[in-house]
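Report on one structure; see the data block that follows.
Numbering (the working numbering), first residue to last: 85 to 336.
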């Protein structure tokens with residue numbers, strides 16, 4: 085997984101994680117943007133650039149404090165065992181944790197992370213009765229979608245998740261680079277068609293992303309081969325089947 089284009093965003097994320105003095109602590113940025121713009125890819129690529137192991141925690145409305153820290157499970161011998169979450173695993177080894185779609189979590193879940201996201205940098209597990217200090221190399225980033233089905237962040241968490249890094253849709257050149265890096269086996273003519281379709285959709289403030297474009301291109305070439313039809317026909321069909329009839333208006 086690599087980050088293509090928009091180098092400024094990578095610089096902002098790495099800068100927020102940097103340490104300038106032994107008394108300094110890293111910031112806990114949040115990546116904001118529409119679904120599919122590459123927030124998780126950016127965070128993962130930044131972790132790779134730092135040379136740190138990367139852990140992903142997928143937040144949901146049902147996420148509980150114990151899910152974020154340590155959860156009890158029944159082992160094969162019917163004894164209670166305690167399993168560390170992706171967050172705690174990253175804390176222990178000095179890795180990077182990506183809290184994906186963090187604004188789907190409730191305040192109760194966020195509250196368990198409050199001491200981790202300030203200068204204290206620890207979590208406490210009530211269930212296991214332990215306090216866990218983060219490794220000095222531990223880094224945290226949250227991604228958040230612009231979505232109506234999300235919670236408002238409590239103010240004390242909002243102030244801890246800084247800076248805000250807004251990930252926008254890329255321009256045509258960057259979008260084509262992303263398409264080529266993901267679909268090297270597909271002809272440039274097909275990718276250019278998809279890129280122009282996406283740019284038209286972006287201009288109309290639609291939510292179609294490069295992820296959608298990748299799916300359209302993949303299905304189009306597969307359908308063209310199976311149906312023995314032209315690429316233009318296959319692309320139109322792919323747009324409708326992947327994104328719906330209303331997306332056809334942005335096709336050439």
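Here a beta-carbon is modelled for each residue, glycine too, at the ideal position from N, C-alpha and C.
Asked: Helix, strand or coil for residue 184? Go by DSSP, reduced to three states.; Found: strand
Asked: Write down the C-beta distance between residue 323 and residue 116 rounded to the nearest angstrom, noting that I regard them as a contact closer than 8 angstroms.; Found: Not a contact, Cβ separation roughly 27 angstroms.
Asked: Helix or strand or just coil, what does DSSP make of residue 133?; Found: helix
Asked: Using the beta-carbon count (16 or more within 10 Å), is residue 203 buried or exposed?; Found: exposed
Asked: Does residue 196 come out as helix, strand or coil in the three-state DSSP assignment?; Found: coil
Asked: What residue range does the alpha helix (DSSP H) around residue 208 cover?; Found: Element bounds for residue 208: not the alpha helix (DSSP H) but the beta strand (DSSP E), 206-209.
Asked: Is the number of C-beta pairs between the segment 243-259 and the segment 134-152 that are closer than 8 angstroms three or more?; Found: no
Asked: Is the CB-CB distance between residue 207 and residue 172 below 8 angstroms?; Found: yes
Asked: Quick check on the DSSP output: the beta strand (DSSP E) that includes residue 223 runs from which residue to which?; Found: 223-229
Asked: Might you give, ordered along the chain, the residues of its own chain that have their beta carbon closer than 8 angstroms to the beta carbon of residue 97, omitting 5 neighbours on each side?; Found: 113, 115, 126, 127, 130, 225, 249
Asked: Could you check which residue in 122, 312, 329, 308 has the C-alpha nearest to that of residue 319?; Found: 308
Asked: Determine whether the beta carbon atoms of residue 120 and residue 293 lie at a separation below 8 angstroms.; Found: yes
Asked: Please report the distance separating the alpha-carbon of residue 230 from that of residue 111.; Found: 22 angstroms
Asked: Please classify residue 133 as buried or exposed, where buried requires at least 16 other C-beta atoms within 10 Å of its C-beta.; Found: exposed
Asked: Per DSSP, what kind of secondary structure is residue 168 in: helix, strand or coil?; Found: strand
Asked: Less than 8 angstroms separating the beta-carbons of residue 176 and residue 219?; Found: yes
Asked: Look at the Cβ atom of residue 145, then the Cβ atom of residue 190, and state whether they are nearer than 8 angstroms.; Found: yes
Asked: Going by the CB atoms, is the gap between residue 198 and residue 148 shorter than 8 angstroms?; Found: no
Asked: Put residue 335 into one of helix, strand or coil per three-state DSSP.; Found: coil
Asked: Are residue 336 and residue 271 close, meaning C-beta to C-beta below 8 angstroms?; Found: no
Asked: Where does residue 153 fall in DSSP's three states?; Found: coil
Asked: Check the C-beta distance from residue 259 over to residue 276 and give it rounded, since I have them as a contact under 8 angstroms.; Found: Contact doesn't hold; Cβ gap of about 10 angstroms is too wide.
Asked: Below 8 angstroms CB to CB, which residues in the same chain sit around residue 214 once its five sequence neighbours on both sides are set aside?; Found: 154, 208
Asked: When you compare only the Cα positions, how much space is there between residue 239 and residue 228?; Found: 16 angstroms
Asked: Given that a residue counts as buried once 16 or more other Cβ atoms are within 10 Å of its Cβ, and exposed if not, what is residue 163?; Found: exposed
Asked: Short check: CB of residue 143 to CB of residue 205, under 8 angstroms?; Found: no
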